[in-house]
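Chemist:
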DNA sequence: CCAAACAGTCTCTATTTTAGACCAACGGTC
DNA sequence: GACCGTTGGTCTAAAATAGAGACTGTTTGG
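Residue numbers (our numbering), protein chains in the order written: chain A, 2 to 161; chain B, 2 to 161.
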């Protein structure tokens, strides 16, 4: 197996790795890349990778929205449902459980009839919220640029 | 329809809104929450919400990983595949297209045989990368805490 | 001449998500 | 007092989505 090292056998008409090159001729970024690639080879490594873990949670799609919603204060199940109308009960329950399991929020049950339950961020949850808020700011700042890029792309590639 | 205002008719045994209270008696956070809730009622609003847009992209699950991988420099399709072994070609293609459409990365085709294509972050992509890296740092920092919380949760609630 | 590599596309299946019914007890209305 | 909505969920069936793998056509390597 040739195990081709990317970047060496590249088309002659374009510089592909525009990164600093080490004395031996291989790109520095390439080496980092190889390390990263190697790391991701084993399922075990992938599973215990913190980045993956966080990303998989964001991949819940609802998780981030829930945390953002809870930034306004403690919230009951049904209030969350109203705040995020397009989440199904099932997913809301599931996402809340995951978040609780990971210690990002705490669940409090009031033994009344009908039962009342509320969710609030833990300190860990608050710190995650900080990250999310930074992301939200980036999103708002970049929104116009993204919309523009999107319009341009759609115009270039078929408009159907 | 009573349109119950959350927070007023709460169980007597627990303070549910531990947030500053405005002169008129309603929680400040509650008002923000109502605004947020109102915003999310209309599908149109949800669709054009920048936060949603970014979150939906992270919800791709692979998008973030791709951007993080491209932080090491330009990368060809197959190298990305090797770097992220558990992504399917289908999703990789799809995610790359979305990212390109939103102007986070650029795609360059070298008309050789066999064809070569490489992807690299645009300035906008780099700025998104910054956010992602901050998130990655948070993830690594918080990993132990999360693992602990998880272990505790699993111990408390049935260990099956 | 068979195999692999390149960057995808296409189809078929497996997983995930959603929509909606249901629970049991209570408050308000008619 | 029948009827409705409210509480926080769980459960099932249907819809959307993701994944696995075959296929494209050309070129180099063995």
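Glycine is no exception: its CB is placed at the ideal position from the N, C-alpha and C atoms. As the structure is a prediction and not an experimental result, all values here were calculated from the model.
(1) Taking the straight line between their C-alpha atoms, what separation do you get for residue 156 of chain B and residue 106 of chain A?
(2) Would you mind giving the Cβ-Cβ distance between residue 130 of chain B and residue 72 of chain B, rounded to the nearest angstrom? I have them listed as a contact below 8 Å.
(3) On the CB-based measure, 16 or more other CB atoms within 10 Å of its CB, does residue 96 of chain B come out buried or exposed?
(4) Based on DSSP bridge pairs, tell me the residues matched to residue 119 of chain B.
(5) Reducing DSSP to helix, strand and coil, say where residue 130 of chain B ends up.
(6) I want to verify the contact list: residues of chain A whose CB lies under 7 Å from the CB of residue 51 of chain B, in sequence order.
(7) The alpha helix (DSSP H) spanning residue 42 of chain A covers which residue range?
(8) Give a yes or no on contact between the segment 48 to 63 of chain B and the segment 49 to 69 of chain A, applying the rule of three or more CB pairs nearer than 8 Å.
(9) Scan the segment 52 to 73 of chain B for residues whose Cβ lies nearer than 8 Å to a Cβ of chain A and list them as they occur along the chain.
(10) Specify the secondary structure class of residue 96 of chain B as computed by DSSP and reduced to three states.
(11) Does residue 149 of chain A pass the burial test, meaning 16 or more other C-beta atoms within 10 Å, or should it be called exposed?
(12) Our contact map puts residue 84 of chain B next to residue 120 of chain B with C-beta atoms below 8 Å; I'd like the distance itself, whole angstroms only.
(13) How far does the alpha helix (DSSP H) with residue 67 of chain B in it extend, from its first residue to its last?
(14) Which residues in the same chain have their Cβ closer than 6 Å to the Cβ of residue 118 of chain A, if we skip the five residues on either side of it in sequence?
(15) Determine, using beta carbons only, whether residue 147 of chain A comes closer than 7 Å to chain B.
(16) Counting only beta-carbon separations shorter than 7 Å, does residue 95 of chain B have a partner in chain A?
(17) According to the neighbour-count rule (16 or more other Cβ atoms, all chains shown, within 10 Å of its Cβ), is residue 87 of chain B buried or exposed?
(18) Hey, would you say residue 140 of chain A sits closer than 7 Å to residue 52 of chain B, going by beta carbons?
(19) Under 7 Å Cβ to Cβ from residue 47 of chain A, same chain only, skipping five residues before and after it: list those, please.
(20) Would residue 151 of chain A pass as a contact of residue 108 of chain B if the rule is Cβ separation under 7 Å?
(21) Report yes or no: is there a C-beta of chain B within less than 7 Å of the C-beta of residue 83 of chain A?
(22) Need the endpoints of the alpha helix (DSSP H) that residue 57 of chain A sits in, please.
(23) I'd like to know if residue 124 of chain B contacts chain A, where contact means its C-beta is closer than 7 Å to some C-beta of that chain.
(24) Since residue 82 of chain B and residue 100 of chain B are thought to touch, with beta carbons under 8 Å apart, how far apart are those beta carbons, to the nearest angstrom?
(25) Would the beta-carbon of residue 133 of chain B fall within 7 Å of that of residue 68 of chain B?
(26) If you measure from the beta carbon of residue 22 of chain B to each beta carbon in chain A, is any gap under 7 Å?
(27) Distance check for residue 127 of chain A and residue 142 of chain A, CA to CA, integer angstroms please.
Modeler: Reading from the atomic positions:
(1) Straight-line Cα distance between these residues: approximately 17 Å.
(2) 5 Å
(3) Result: buried.
(4) B:77 and B:109
(5) helix
(6) Neighbours of residue 51 of chain B in chain A, taken as residues whose beta carbon is under 7 Å from its own, are 140, 141 and 144 in chain order.
(7) Element bounds for residue 42 of chain A: n/a, residue is neither H nor E.
(8) yes
(9) 52, 53, 54, 55, 56, 57, 59, 60, 61, 62, 65, 66, 69, 70 and 73
(10) helix
(11) Exposed, since its Cβ has fewer than 16 Cβ neighbours within 10 Å.
(12) About 12 Å separates the CB atoms of residue 84 of chain B and residue 120 of chain B; that is not less than 8 Å, and the two are not in contact.
(13) Annotation for residue 67 of chain B: the continuous alpha helix (DSSP H) segment containing it runs 64 to 71.
(14) Exclusion of the five residues before and after residue 118 of chain A leaves 78 and 110 as the residues of its chain whose Cβ lies within less than 6 Å of its Cβ.
(15) yes
(16) no
(17) exposed
(18) yes
(19) 41 and 53
(20) no
(21) yes
(22) Start and end: 51 to 59.
(23) For residue 124 of chain B, the nearest beta carbon of chain A is not closer than 7 Å to its own beta carbon.
(24) Rounded, the Cβ-Cβ distance is 15 Å, inconsistent with contact.
(25) yes
(26) Residue placement at residue 22 of chain B cannot be trusted, given a pLDDT of 45 that sits under 50; what the coordinates show is reported in the next sentence. False, the Cβ-Cβ gap to chain A never drops below 7 Å.
(27) Between residue 142 of chain A and residue 127 of chain A, the C-alpha separation is close to 22 Å.
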